[in-house]
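Chains as they are written, first to last, in the numbering used here: chain A, 149 to 610; chain B, 2 to 168.
Below is the structure:
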């Protein structure tokens, strides 16, 4: 409960900070402090040190897994603000309000990591996405940003409508918003009746959740929105928000996958393969690095969907590790991208000569995204695929995933090639020494997790 | 057939007919007007279920506020036939296929749902929708979502100000 309450309060605090001070760097500083407080509050809640507890009437359920996942998300947000705070200030005139909206998004993610009912799921998703529509359109003078915002809003509300329809059907079957359904009583012939309302409802919920995490074939909004939004906010919504969406997806269908019978695996396999295929193949043909990252985030979503495919302990560890690896690497690489003025591949030409530190960090992040050993991304992908093998899943789906992982190396390394092996004079914004230190620390963290993934996973058990 | 049943069928037919007309009207303004008819018919259903509060809220919020905003937006956008985006035949084809699949699922759902057989709507006698009971449930069992939705409205308000203010 701590994280939900504190993030809402911190959002209001951020709005007031905009009244008190005009200095934007001061506002960023307040945001960092507020995130530290939020993280401390959430950790205190995890270990029961001082937690606000309210009778939630079983609408929220605080598990160790959820609270730890939330800590990861808050930490990712903290790293995001530390790295890209200066870029948030530059987007528009309302830095304080952008931070307020970011805190409201964190309130939504805190709900999504602890929901125990479809009503709270709906509220969490809405609190998470509505501020995002605004952040997407924050660059008001830019036509592309406006278009992305409107597109995201319309498509997002449409998928919310589908979700509500699903919730209505499930409510009609169960008579409550509970996640678990009471066990069906066998009828006179000894057959357990299939509840058609439940099946229909959960299929609709599946569709809308696929939309929210941008899994194919519901991914069409992703490239336009991620490309049109201000680059900093793309970093925020392609990592923290997406990871929270995956957590909700996992919790929702962990309880109900058996309900859909064997067709569940078929449906999910189709979505996973389609997501991997469309994400990876389309990313290969992109000219702009930002758009390539949008497609690569679809491809990464395909890997995260493997956690839904299995549901064993390994998959749980896998989704934790994947969230960490993906958030760190993507936030880090976007922080580099913000500094480069030309977002096409050619814009990176000769970056290694001009900014060796930036280029080195970018290499680490890209290798992690591609899943090269000794970076966090390798173990993330490894755990996911190992979970499939362990659960006795079909081997060919693992092979397909490996092939697509190999394809992804091509487009990630295209950036590295541009930075190191092509000569050019990249236009780079001013890079402060504090920023350099921070980005090197993040890239070292990515390597550290790649060598010892237990530094992330052990916290789950203590 | 008693009065309640006649009313029920009348309202249902009205709701479905208006909903279909929303889709088939060429002019967006007409679509919105038909949508208002749908909301009125559904409010009638709420009254039949003895949920007066819900019926009135539905009218005030949807038919009153939201639809008027809709009309304003449509009139301000000044849509005409030329401005309609081009539709490709394969898009229509895909739409028909996926929409048809969904229709089959929904029809089989209603037809085979064991939850629905032998059950009747609490016409005229249910008291769940009365304002007193609604308030009691809202402020006891569902007080948490009620409070949390304030964050949602706050963020929407902040967003409206951020987007609407002049730079």
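The beta carbon of each residue, even a glycine, is placed where N, CA and C say it ideally should be.
Computed from a predicted model, the values in this text were never measured in an experiment.
Just to confirm my understanding: we take residue i, look at its own chain, exclude 5 residues before and 5 after, and list those with CB closer than 8 Å. What are they?
{"i": "residue 424 of chain A", "result": "447, 450, 451, 548, 549 and 552"}
{"i": "residue 54 of chain B", "result": "130, 131, 132 and 135"}
For residue i, which residues from the same chain have a beta carbon less than 7 Å from its beta carbon, with the 5 sequence-adjacent residues on both sides left out?
{"i": "residue 588 of chain A", "result": "505 and 509"}
{"i": "residue 503 of chain A", "result": "576 and 579"}
{"i": "residue 152 of chain A", "result": "255, 258 and 259"}
{"i": "residue 486 of chain A", "result": "232, 235, 379 and 380"}
{"i": "residue 372 of chain A", "result": "296 and 299"}
{"i": "residue 355 of chain A", "result": "310 and 366"}
{"i": "residue 239 of chain A", "result": "246, 286, 287, 378 and 380"}
{"i": "residue 457 of chain A", "result": "416, 420, 536 and 541"}
Can you name the residues of chain B whose CB is closer than 8 Å to the CB of residue i?
{"i": "residue 285 of chain A", "result": "164"}
{"i": "residue 267 of chain A", "result": "143 and 146"}
{"i": "residue 259 of chain A", "result": "149"}
{"i": "residue 288 of chain A", "result": "164 and 168"}
{"i": "residue 163 of chain A", "result": "159"}
{"i": "residue 353 of chain A", "result": "Result: empty, since nearest Cβ-Cβ is about 14 Å, beyond 8 Å."}
{"i": "residue 245 of chain A", "result": "159, 162 and 163"}
{"i": "residue 610 of chain A", "result": "Within chain B, no residue comes near residue 610 of chain A; the closest Cβ sits about 30 Å away, beyond 8 Å."}
Starting from the beta carbon of residue i, find every residue of chain A whose beta carbon is closer than 7 Å, and list them in chain order.
{"i": "residue 150 of chain B", "result": "271"}
{"i": "residue 110 of chain B", "result": "344, 345 and 348"}
{"i": "residue 113 of chain B", "result": "344"}
Which residues in chain B sit within 7 Å of residue i, going by Cβ to Cβ distance?
{"i": "residue 242 of chain A", "result": "163"}
{"i": "residue 204 of chain A", "result": "145"}
{"i": "residue 494 of chain A", "result": "Per Cβ cutoff of 7 Å: no residues; residue 494 of chain A is ~32 Å from chain B at best."}
{"i": "residue 274 of chain A", "result": "153"}
{"i": "residue 156 of chain A", "result": "152"}
{"i": "residue 207 of chain A", "result": "145 and 146"}
{"i": "residue 372 of chain A", "result": "Within 7 Å Cβ-Cβ: nothing; residue 372 of chain A doesn't reach chain B, min ~15 Å."}
{"i": "residue 255 of chain A", "result": "152"}
{"i": "residue 359 of chain A", "result": "Those do not exist, as residue 359 of chain A stays about 14 Å from chain B at its closest Cβ, beyond 7 Å."}
{"i": "residue 527 of chain A", "result": "Per Cβ cutoff of 7 Å: no residues; residue 527 of chain A is ~36 Å from chain B at best."}
Apart from the five residues just before and just after residue i, which ones in its own chain have a Cβ nearer than 6 Å to its Cβ?
{"i": "residue 179 of chain A", "result": "229 and 247"}
{"i": "residue 349 of chain A", "result": "314, 317 and 318"}
{"i": "residue 463 of chain A", "result": "455 and 535"}
{"i": "residue 426 of chain A", "result": "364"}
Output, in chain order, the set of chain A residues within a Cβ distance shorter than 8 Å of residue i.
{"i": "residue 160 of chain B", "result": "249, 278, 279, 281 and 282"}
{"i": "residue 107 of chain B", "result": "348"}
{"i": "residue 157 of chain B", "result": "278"}
Identify the continuous alpha helix (DSSP H) that holds residue i and give its terminal residues.
{"i": "residue 146 of chain B", "result": "144 to 165"}
{"i": "residue 372 of chain A", "result": "369 to 376"}
{"i": "residue 475 of chain A", "result": "461 to 487"}
{"i": "residue 434 of chain A", "result": "No alpha helix (DSSP H) contains residue 434 of chain A, which DSSP labels as neither H nor E."}
{"i": "residue 255 of chain A", "result": "243 to 260"}
{"i": "residue 358 of chain A", "result": "344 to 360"}
{"i": "residue 284 of chain A", "result": "266 to 284"}
{"i": "residue 94 of chain B", "result": "90 to 113"}
{"i": "residue 149 of chain A", "result": "From DSSP, residue 149 of chain A is part of no alpha helix (DSSP H); its letter is neither H nor E."}
{"i": "residue 540 of chain A", "result": "Note, residue 540 of chain A: premise wrong, no alpha helix (DSSP H); not H, not E."}
{"i": "residue 387 of chain A", "result": "Here residue 387 of chain A belongs to no alpha helix (DSSP H), and DSSP marks it neither H nor E."}
With residue i and residue j assumed to form a contact (beta carbons below 8 Å), what rounded beta-carbon distance in angstroms separates them?
{"i": "residue 491 of chain A", "j": "residue 436 of chain A", "result": "5 Å"}
{"i": "residue 412 of chain A", "j": "residue 299 of chain A", "result": "With a Cβ gap of about 31 Å, residue 412 of chain A and residue 299 of chain A do not count as contacting."}
{"i": "residue 471 of chain A", "j": "residue 217 of chain A", "result": "7 Å"}
{"i": "residue 467 of chain A", "j": "residue 398 of chain A", "result": "6 Å"}
{"i": "residue 16 of chain B", "j": "residue 57 of chain B", "result": "Not confirmed; about 18 Å, so no contact."}
{"i": "residue 150 of chain A", "j": "residue 192 of chain A", "result": "7 Å"}
{"i": "residue 163 of chain A", "j": "residue 244 of chain A", "result": "6 Å"}
{"i": "residue 645 of chain A", "j": "residue 599 of chain A", "result": "Beyond the ends of chain A as shown, which are 149 and 610, falls residue 645 of chain A; an answer cannot be given."}
{"i": "residue 564 of chain A", "j": "residue 514 of chain A", "result": "6 Å"}
{"i": "residue 154 of chain A", "j": "residue 185 of chain A", "result": "7 Å"}
{"i": "residue 440 of chain A", "j": "residue 559 of chain A", "result": "6 Å"}
{"i": "residue 460 of chain A", "j": "residue 538 of chain A", "result": "6 Å"}
{"i": "residue 194 of chain A", "j": "residue 165 of chain A", "result": "Actually they do not touch by this definition, with Cβ atoms about 27 Å apart."}
Kindly list, in the order they appear in chain A, the residues whose Cβ is closer than 9 Å to that of residue i.
{"i": "residue 6 of chain B", "result": "The premise fails here: residue 6 of chain B is roughly 22 Å from chain A at the closest Cβ pair, so nothing lies under 9 Å."}
Whose Cβ in chain B lies nearer than 9 Å to the Cβ of residue i?
{"i": "residue 475 of chain A", "result": "In chain order: nothing, as chain B lies at least about 22 Å away."}
{"i": "residue 301 of chain A", "result": "Those within 9 Å of residue 301 of chain A in chain B number zero; the least Cβ separation is about 10 Å."}
Tell me whether the stretch 131 to 138 of chain B and the stretch 206 to 213 of chain A touch, counting them as touching only if at least three CB pairs, one residue from each stretch, are closer than 8 Å. Contact between the stretch 131 to 138 of chain B and the stretch 206 to 213 of chain A is absent, because fewer than three Cβ pairs lie under 8 Å.
Hey, is the stretch 260 to 279 of chain A in contact with the stretch 313 to 324 of chain A, meaning 3+ C-beta pairs nearer than 8 Å? The stretch 260 to 279 of chain A is in contact with the stretch 313 to 324 of chain A.
Stretch pair the stretch 340 to 351 of chain A + the stretch 373 to 387 of chain A: three plus CB contacts closer than 8 Å: No, because fewer than three Cβ pairs between the stretch 340 to 351 of chain A and the stretch 373 to 387 of chain A fall closer than 8 Å, the two stretches do not touch.
Below 8 Å, can you find three or more Cβ-Cβ pairs linking the stretch 60 to 78 of chain B to the stretch 21 to 41 of chain B? With a cut-off of 8 Å, the stretch 21 to 41 of chain B and the stretch 60 to 78 of chain B count as touching, because enough Cβ pairs lie within range.
Okay, do the stretch 169 to 178 of chain A and the stretch 226 to 243 of chain A touch, 3+ Cβ pairs below 8 Å being the bar? They touch, by the three-pair rule.
Cβ contact (3+ pairs, closer than 8 Å) linking the stretch 2 to 15 of chain B and the stretch 585 to 599 of chain A: The stretch 2 to 15 of chain B makes no contact with the stretch 585 to 599 of chain A, as fewer than three CB pairs between them are under 8 Å.
Taking contact to mean 3 or more Cβ pairs, one atom from each stretch, closer than 8 Å, check whether the stretch 386 to 395 of chain A and the stretch 463 to 478 of chain A are in contact. Output reads yes: the stretch 463 to 478 of chain A touches the stretch 386 to 395 of chain A.
Are there three or more Cβ pairs, one per stretch, closer than 8 Å when the stretch 477 to 485 of chain A is compared with the stretch 394 to 409 of chain A? Contact check between the stretch 477 to 485 of chain A and the stretch 394 to 409 of chain A: fewer than three CB pairs, one atom from each, fall below 8 Å, which does not count as touching.
Touch test, the stretch 152 to 163 of chain B against the stretch 280 to 289 of chain A, Cβ-Cβ under 8 Å, three pairs minimum: These segments touch.
Could you check whether the stretch 517 to 535 of chain A touches the stretch 594 to 604 of chain A, counting it as contact only if at least three pairs of C-beta atoms, one from each stretch, sit closer than 8 Å? In short, these stretches touch, since the Cβ pair count reaches three.
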